[in-house]
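Everything in the sequence shown is counted per numbering that gives the first Met the number 0, starting at 0 for the first residue and increasing by one.
Positions of the beta carbon are idealized from the N, C-alpha and C atoms, including for glycine.
One structure is given below, encoded as structure tokens.
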Amino acid sequence: MASEQCPLTPLDEFQRQASILRAVKTIAVVGMSPNPDRPSHEVGLFLRDRGYRVIPVHPAAAEIGGLKVARTLTEAAQMAGGIDLADLFVSGDRLVAIVEEAHRLGIPRIWFQPGAEHAGAEQQARAYGMEVVTRACTMAVLKRLG
């Protein structure tokens, strides 16, 4: 279950992460799985239940947890009229292209979930001036906030 895979972080970094989550309203969950046993599914629905507008991004699913799915980050931004945060649950070299797409769309914040790390993509996001979070779980941060 995702809650077991979401580590806590040091206080200063936690406060920065919390301020990011307080600032956003619309979150694209890139790689959100239709499988309820996957962490991305649990986290995406948790974010929705906490009041965020969640746009799942998955290339094959049409609906996840009652949410209409976008096939790409670009489609998610069009559906939502803009994205405040891209919450990433994909891994490997696909992350570089996703960061580039997020930059083109003007998405100001990128969150690399545990398991979705990629040094090159993280560096590129920072070079674009995006707020970047790595190796932390949005759900764990929100649960810690209460």
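For residue 58, there is no enclosing beta strand (DSSP E), as DSSP gives it neither H nor E. Taking the CA atoms as reference points, residue 111 sits about 7 Å from residue 88. Between residue 140 and residue 17, the CB-CB gap stays under 9 Å. With fewer than 16 other beta carbons inside 10 angstroms of its own, residue 59 counts as exposed.
Going by DSSP, residue 29 is part of the beta strand (DSSP E) stretching over 25 to 29.
Within the model, the alpha-carbon separation for residue 45 versus residue 126 is close to 30 Å. For a cut-off of 8 Å, the C-beta gap from residue 72 to residue 41 is around 21 Å, too long to register as a contact.
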